[in-house]
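Below: the structure, in structure tokens.
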Amino acid sequence: RFSSCTPKVCIVGSGPAGFYTAQHLLKTHQNVHVDIYERLPVPFGLVRFGVAPDHPEVKNVINTFTQTAKHSRCRFYGNVNVGKDVSVGELKQAYHAVVLSYGAEGNRSMGVPGEGLAGVYSAKDFVGWYNGHPSCREVFTLNPDLNCETAVILGQGNVALDVARVLLSPIDILKKTDITQPALEALVRSQIRRVLIVGRRGPVQVACTIKELREMVNLPGTKSEMVEADFDGVTEALKDLPRPRKRLTELLLKTALDTPGDKEQQRRHQASRTWGFRFFRSPSEVLADADGNKTVGIRLAVTRLEGSGEGARAVLTGEVEDVTCGLVISSIGYKSHPIDPSVPFDTRRAVIPNTMGRVKQATGLYCSGWLKTGPTGVIATTMNNSFDTARSLVEDMESEALDLSSVKTGSEVISALLEERGVKSVSFSDWEKIDSVEMSRGEASGKPREKILTVEEMIQVART
Ligand code: FAD
5 RFSSCTPKVC
15 IVGSGPAGFY
25 TAQHLLKTHQ
35 NVHVDIYERL
45 PVPFGLVRFG
55 VAPDHPEVKN
65 VINTFTQTAK
75 HSRCRFYGNV
85 NVGKDVSVGE
95 LKQAYHAVVL
105 SYGAEGNRSM
115 GVPGEGLAGV
125 YSAKDFVGWY
135 NGHPSCREVF
145 TLNPDLNCET
155 AVILGQGNVA
165 LDVARVLLSP
175 IDILKKTDIT
185 QPALEALVRS
195 QIRRVLIVGR
205 RGPVQVACTI
215 KELREMVNLP
225 GTKSEMVEAD
235 FDGVTEALKD
245 LPRPRKRLTE
255 LLLKTALDTP
265 GDKEQQRRHQ
275 ASRTWGFRFF
285 RSPSEVLADA
295 DGNKTVGIRL
305 AVTRLEGSGE
315 GARAVLTGEV
325 EDVTCGLVIS
335 SIGYKSHPID
345 PSVPFDTRRA
355 VIPNTMGRVK
365 QATGLYCSGW
375 LKTGPTGVIA
385 TTMNNSFDTA
395 RSLVEDMESE
405 ALDLSSVKTG
415 SEVISALLEE
425 RGVKSVSFSD
435 WEKIDSVEMS
445 RGEASGKPRE
455 KILTVEEMIQ
465 VART
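Heads up: the sequence shown begins at 5 in the numbering used here, then just goes up one per residue.
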């Protein structure tokens, strides 16, 4: 029971959430038109700017997203910053429904003294730097702080392990990936030989997945250094763990406690770099040099667990431990922020309050992806929650909860507004020009692509 008027939907953000929402809408509704607005001139969000360069297989989702972008009822408008170039209110006027899926581009801060010192970075900035996010370009070129032996990463999730792996990977591996040239050059010069990955809780609560842990365990040229005592009681706890957690914990135990066989012993003997988890530790202060500018260490508060299993809580014991290091990377989570004062936002949870993707108390407004759920979950999780949002939207179109009786002008009126404001949007075929320039530059140096690092150059290439 579809209305005769063509439903027009726009989506804000072109990461996995934006593209999966669009894909599901186009598939389940025969008339709907979908426009995707993206802040940057290039699409795909964290698939381009988050996923580690040595995980090319993860980026294959781009092929599906490209098919969606080329669908006859879909348009891509890059280089449009919603909330600044055009308001959500204006989009709501022009479309029957607006889906917000602009992700989680901020980061949670540690809230400890010394956080602002040279040598302290958020994982978001560090990852953005090696993946060529235009807003992270200056982060490391201004402060090449890989001149120390030990790096401490705070947080033990997959992003923390991506960062550890990139810091310790042999250059021969990295130089065949799409890591940016400045990052590659800085890593060639890097003096870092040891990476400690710190978490408040214990081995049973570690937040990474087994794939990422296995990659660390097998990383050529490295060996692990763990603290045996951290694993007290873990073997006994194994039998009560759910299966994926059990396998992960078994691998941790094996890495930390097993006597290695001959081959592994030889491998470890030849290793020139080390990594290890430090459990039961919470950052309390980043320590500065005598001038008070540069990081020389970190003070960690020792914790113990209250409760057991996934729900166990870390409480401080009152003891502290200082670790000498020149680089601290905090990987304690990404965070969404509001982009338009007219949109409801839950500042405590840093998400848009919603029921199955329907923004609460805002008819015609929907959300998907990390903005909807908070910044956790892999691309497959984001896909499922985006499909759910698309399903809610189609249901509302069918039940007439969404008013489709009036004709909407869609991109016509928005394009005119943007033009008036001097904003030049980038189409999907413009992006394909950028894409092919990047791939041919990469080919010259044996990489899958050499990313363009500034918005200015992206636009310049798009316009040729
Ligand atoms: P995003 O991917 O962040 O997309 C949001 C988009 O919105 C961006 O393109 C952004 O530019 C745009 N935007 C922001 N503000 C505006 C605005 N005002 N106007 C218009 N557009 C805007 N998952 C895996 O499955 N495998 C992995 O190996 C993996 N590695 C990861 C590594 C890192 C470092 C991170 C952080 C995540 C990783 N993930 C991985 C998880 C995966 O990236 C997320 O599940 C997914 O990207 C979330 O999708 P999203 O669309 O909600 O957000």
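Glycine included, every Cβ here is placed at the ideal spot set by N, Cα and C. All values derive from a computational prediction rather than experimental measurement.
- Contact between Arg277 and Arg353 is absent: CB atoms are separated by about 38 Å, not below the 8 Å threshold.
- Residues Val465 of the same chain have their beta carbon placed closer than 6 Å to that of Val441, with the five preceding and five following residues left out of the count.
- Short of 6 Å from the beta carbon of Arg204, and not among the five residues preceding or following it, lie these beta carbons of its own chain, in chain order: Ser286, Thr307 and Ala318.
- Its chain contains Gly118, Thr299, Val300, Gly301, Ile302, Arg303 and Asp326 as the residues whose beta carbon lies nearer than 8 Å to that of Leu291, once the 5 sequence neighbours on both sides are disregarded; these appear in chain order.
- Nearest C-alpha to Leu191 among Lys96, Leu171 and Trp133: Leu171.
- According to the DSSP assignment, Gly322 belongs to the beta strand (DSSP E) that extends over Arg317 to Thr328.
- For Val306, the secondary structure class from DSSP, reduced to helix, strand or coil, is strand.
- Within a 10 Å sphere around the beta-carbon of Thr321 sit fewer than 16 other beta-carbons, which makes this residue exposed.
- Judged by DSSP secondary structure, Glu442 falls within the alpha helix (DSSP H) whose first and last residues are Phe432 to Ala448.
- Within the same chain, no Cβ atom closer than 7 Å to the Cβ of Pro246 is found once the five residues on either side in sequence are excluded.
- Take Cys78, set aside five residues on each side of it, and the residues of its chain with a beta-carbon closer than 8 Å to its own are Ala26, Leu30, His37, Val38, Asp39, Ile40 and Thr72, in chain order.
- In the same chain as Gly296, and ignoring 5 residues on each side of it, no C-beta atom comes closer than 7 Å to its own.
- Excluding five sequence positions before and after Met443, the CB atoms of its chain that fall closer than 8 Å to its own CB belong to Pro452 and Arg453, given in chain order.
- A residue is called buried once 16 or more other Cβ atoms fall within 10 Å of its Cβ, and Ser409, having fewer, is exposed.
- Between Ile183 and Pro57, the C-beta gap is smaller than 9 Å, which places the two residues in contact.
- Going by beta carbons, His33 and Pro11 fall inside the 9 Å limit.
- Counting only the Cα atoms, Asn162 lies some 28 Å from Gly265.
- Taking 4 residues as the shortest admissible run, the region 182 to 221 contains the following complete alpha helix (DSSP H) segments, listed from N- to C-terminal end: 185 to 193 and 214 to 221.
- Around the beta carbon of Ser334, 16 or more other beta carbons sit within 10 angstroms, so the residue counts as buried.
- Distances from the alpha-carbon of Leu256 to those of Gly225, Ser91 and Val221 put Val221 closest.
- Taking the Cβ of Phe349 as the reference point, every heavy atom of the ligand FAD lies at 8 Å or farther away.
- About 11 Å separates the CB atoms of Phe80 and Phe48; that is not less than 8 Å, and the two are not in contact.
- Counting of Cβ neighbours within 10 angstroms places Met360 among the exposed residues, the total staying below 16.
- Apart from the 5 residues on each side of it in sequence, Glu254 sits with its Cβ closer than 8 Å to the Cβ of Leu242 in its chain, given in chain order.
- Excluding five sequence positions before and after Gly206, the CB atoms of its chain that fall closer than 8 Å to its own CB belong to Asp234, Val238, Phe283, Phe284, Leu309 and Ala316, given in chain order.
- With a beta-carbon spacing of about 4 Å, Glu229 and Gly280 fall inside the 8 Å limit used to define contacts.
- Spatial neighbours of Asp293 in its own chain (CB-CB distance under 6 Å, excluding positions within 5 residues in sequence) are listed in chain order as Val300.
- Leu44 has its CB nearer than 8 Å to a heavy atom of the ligand FAD.
- Residue state for Phe391 is assigned as helix, using DSSP reduced to three classes.
- As a beta-bridge residue in DSSP terms, Asp350 pairs with Val355.
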